[in-house]
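In order, the protein sequence lines correspond to chains H and X.
Number 269 in the working numbering belongs to position 284 of the first sequence; there are no gaps in the numbering.
Number 21 in the working numbering belongs to position 36 of the second sequence; there are no gaps in the numbering.
Where is the CB? At the ideal position from N, CA and C, for every residue including glycine.
The model shown is predicted, which means the values in this text are computed figures rather than measured ones.
Notes for the one structure printed next.
2 protein chains.
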Amino acid sequence: MPGSRFEVVARDGDARAGRLATPHGVVETPAFMAVATYGAVRGVTPDELRALGAQMLLANTYHLHERPGEDVVARLGGLHGFTGWNGPWLTDSGGYQAFSLGERVSLDEDGVTFASAVDGTRRRLTPEGAVAIQEALGADVAVALDHCVASAPGPGAGGDLRPAWRDAMERSLRWAERCLKVRRRADQALFGILQGGADPGLRRESARATAGLGFDGYAHGGLGLGEAGAARSELLAITHAELPPGAPRYLMGLGRPEDLLAAVERGVDLFDCVVPTRNGRHGVLFTRAGKLSLRNARFREDPEPPDPGCDCPACSRFGLAYLRHLFVCGDLLGPRLASLHNLRFYYRLLAEARAAIAAGRFGAFRDEALAAAARGR
Amino acid sequence: MPGSRFEVVARDGDARAGRLATPHGVVETPAFMAVATYGAVRGVTPDELRALGAQMLLANTYHLHERPGEDVVARLGGLHGFTGWNGPWLTDSGGYQAFSLGERVSLDEDGVTFASAVDGTRRRLTPEGAVAIQEALGADVAVALDHCVASAPGPGAGGDLRPAWRDAMERSLRWAERCLKVRRRADQALFGILQGGADPGLRRESARATAGLGFDGYAHGGLGLGEAGAARSELLAITHAELPPGAPRYLMGLGRPEDLLAAVERGVDLFDCVVPTRNGRHGVLFTRAGKLSLRNARFREDPEPPDPGCDCPACSRFGLAYLRHLFVCGDLLGPRLASLHNLRFYYRLLAEARAAIAAGRFGAFRDEALAAAARGR
């Protein structure tokens, strides 16, 4: 793997603990990547991320291409120099934006055309362009451009999605080949992306063919977009059987703590999601005893920390009453402290999962974590 | 002075360096207090404030009375326990809100009636009530309720303001007496507030009479609301001649760095203002080389720190290009880092003023600081 090396250091059933050594440091897996869309995890500094347990961050290729542009980032020392986070970076490819931006996007065999969210101008993203942008950004791990479609019908829609899934899966394969052909950097790993919607056969075919192209790692694309949790676990298991066991596996864009634990059980190594920071901004905290909303009136005079035993900057210094007060008054410190707590919760959850795998007791750990969260406070 | 003790430790002309020892720590003066309206300096933690050089914070009595209520704050350990800032606190009295909230306020001899900004209900603030609320909040320094009016006519207004200034000044004196009569806490200093608009005679009369009542310190109210800088300096000098030289002097609500230096020259010891944090939120930084706007396109690829030689979390870790990018993309990290920088700039400016006074070279220091800022970058 150019620049990086991955090894599985422990297994417990299908769950595994690994070590991804990149040019900018080691990532102990399973690991969670906070989302730094424009090169910043909203409101949080690199020093704070490091203290919370962050190992690797994710940035969005499409957004950085628009602002400030990959040429500017490259001249300022790449993502590492530009942002001050000099640990490992992974960049997505823009495929998910092509899906999520919906009507502002058109797609053909050659690539994707966006109407810029910034100035409305036409922007073109091809497999070759996605690789070139990510090489300019200087990520430690880049991801091939894929054609992403939903894994379940949207509200009001219906019919058989399999033709669309097959079409997107096959196009993603052709784009994957084009990405591999133009890659240049010897210090940047490149991950392929699996598609195939919620169809086990298509997913298996995607995994087998993508693995046949020889990527450095494999990302699950198009999941968490409608399919049930049990179906997703099954799809992960089916596709993992087709992938080289020594390559890292990355579940893109998911999700809640229970989603992460279920995927770790099936052998996923890497995660990213906006769930901890987005929930934090809205005053929703993940704790050992389940989720809580800081706006709840019952916390009005509660001096206890949100999650006793948590060592984050919110729990170690502030009580529920004050944190609630910050949200009621609209002070920026509230969303900030809540985001810091949730990030710490995620980093700690995966560090504990890692330790449990190494100790051969991942199943028990998962059951305890889920039971504590279900009991609530 | 109940709970606290003030001493002047050095003089340079009228400028002075002092030491205000409070029940929660010492404040070396001249000192700047960041504004924590609802008990938080927007988005900044107590640990960060301490690292930046904060000594004492200001909270707003009227706002905390509305949310969460002084009874709640008292039960949670007062301002110190509730907010986690366990250094010295000063609370204002609500008089400025009675002025600034304009049409939602009516005033009579007994006190002020507000329409609550939160729920529209009628809230009454009297001199006795203002003292009781501040005692419940547990500030180290409280201030008497005053009747504040503008020191210059508003746009479109005109006529002789002196009758209104006299009226407000005399009412402030009567309210000051009522405040002194009901104070109870032996650990809370109480400052009187001078009024009198921009009229030297009224200001002198206010200072003499307020000093005659015997407060622990004296605040200049109603300045920075229209009068010219030179006129303000003159008013400060005239009133200081009437105040006991060993009592601390506090200029409320001002201002720009040049305003602070001019007031220090006249012997002011304490300041508060939203200027550094409000400017920071809008991307305007105070630097050794004057003000700059982070949104300026000329910083697009500038890797230099905003203020070379500054040791704040923004300047020590990030370049102008990245800080600009954060504002362009609307990331919360931008306003946060800019606020941290500006606070550090203010704390450092006053620490350097203090050192210059002790060294007998305040005039030279002030001239150098103003000249560097005027040269720009």
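- In the DSSP annotation of this structure, the continuous segment of the alpha helix (DSSP H) that includes glycine 114 (chain H) starts and ends at 112 to 122.
- Chain order gives the chain X residues near glycine 69 (chain H) as Arg302, Phe303, Gly304, Tyr307, where near means a beta carbon separation below 9 Å.
- When the beta-carbon positions are compared, valine -6 (chain H) and methionine 41 (chain H) stay at least 7 Å from each other.
- Contact with chain H is absent for glutamate 162 (chain X), since none of that chain's Cβ atoms lies less than 7 Å from the residue's Cβ.
- When DSSP assignments are scanned along the stretch 166 to 241 of chain X, the uninterrupted stretches of beta strand (DSSP E) that are 3 or more residues long and fall wholly within it turn out to be 174 to 179, 202 to 205, 234 to 236.
- Annotated three-state conformation of serine 136 (chain X) is coil, per DSSP.
- For proline 293 (chain X), there are no neighbours in chain H by C-beta distance under 8 Å, as the nearest C-beta there is about 17 Å away.
- Rounded to the nearest angstrom, the Cβ distance from leucine 279 (chain H) to glycine 294 (chain H) is 18 Å, too far for a contact under 8 Å.
- Between tyrosine 332 (chain H) and alanine 39 (chain H), the beta carbon gap of about 6 Å places them in contact (Cβ cut-off 8 Å).
- As DSSP reads the structure, methionine 18 (chain X) sits in a beta bridge with X:Asp257.
- Excluding residues up to 5 positions away in sequence, Gly304, Leu305 lie with their Cβ nearer than 8 Å to the Cβ of glutamate 289 (chain H) in the same chain.
- Contacts with chain H (Cβ-Cβ distance below 9 Å) from the stretch -6 to 14 of chain X involve no residue at all.
- The C-beta separation of alanine 6 (chain X) from serine -11 (chain X) comes to about 6 Å, placing the pair in contact by the 8 Å criterion.
- Here phenylalanine 271 (chain X) carries a strand assignment [DSSP, helix/strand/coil].
- Proximity of glycine 63 (chain X) to chain H, defined by a Cβ-Cβ separation below 7 Å, is not satisfied.
- Using a CB distance cut-off of 7 Å, tyrosine 203 (chain X) does not count as an interface residue toward chain H.
- The residue among X:Ala274, X:Leu239, X:Val253 with its C-alpha nearest the C-alpha of threonine 262 (chain X) is X:Leu239.
- The beta carbon of glutamate 227 (chain X) sits closer than 7 Å to the beta carbons of Arg189, Ala192, Arg193, Ala196 from its chain, once the five residues preceding and following it are set aside; these are given in chain order.
- Annotation for arginine 217 (chain H): Leu208 place their beta carbon closer than 7 Å to its own, counting only its chain and skipping 5 residues before and after.
- For the pair arginine 234 (chain H) and alanine 121 (chain H), the Cα-to-Cα distance works out to about 24 Å.
- For alanine 6 (chain X), the enclosing beta strand (DSSP E) covers residues 0 to 7.
- Straight-line measurement puts the Cα of arginine -4 (chain H) at about 7 Å from the Cα of alanine 343 (chain H).
- Residues of chain H whose Cβ lies closer than 9 Å to the Cβ of cysteine 314 (chain X) are, in chain order, Thr22, Tyr23, Gly24, Ala25, His48, Arg52, Pro53.
- The secondary-structure analysis by DSSP pairs valine 126 (chain H) across a beta bridge with H:Leu75, H:Ala174.
- Glycine 177 (chain X) is a Cβ neighbour of alanine 161 (chain X), given a cutoff of 7 Å.
- Taking the beta carbon of arginine 60 (chain X) as reference, the chain H residues within 7 Å of it are Glu286, listed in sequence order.
- For the stretch 26 to 68 of chain X, the continuous beta strand (DSSP E) assignments of 3+ residues that do not extend past its boundaries occur at 42 to 44, in sequence order.
- The stretch 312 to 320 of chain H makes no contact with the stretch 15 to 23 of chain H; the number of CB pairs closer than 8 Å stays below 3.
- Here glutamate 33 (chain X) is buried: its Cβ has 16 or more other Cβ atoms, across all protein chains shown, within 10 Å.
- At least 7 Å separates the CB of arginine 108 (chain H) from every CB of chain X.
- Of all residues in the stretch 318 to 340 of chain H, only Leu318, Arg321 come within less than 7 Å of chain X when Cβ atoms are compared, listed by chain position.
- Distance from the CA atom of glycine 79 (chain H) to the CA atom of aspartate 254 (chain H), rounded to whole angstroms, is 21 Å.
- Taking the beta carbon of threonine 30 (chain H) as reference, the chain X residues within 9 Å of it are Pro298, Arg302, Phe303, Leu318, Arg321, Leu322, listed in sequence order.
- In this structure alanine 341 (chain X) is buried. Its beta-carbon is surrounded by 16 or more other beta-carbon atoms within 10 angstroms.
- Secondary structure at leucine 146 (chain X): coil, using DSSP grouped into helix, strand and coil.
- Using a 10 angstroms sphere on the CB of proline 291 (chain H), the tally of other CB atoms reaches 16 or more, which defines it as buried.
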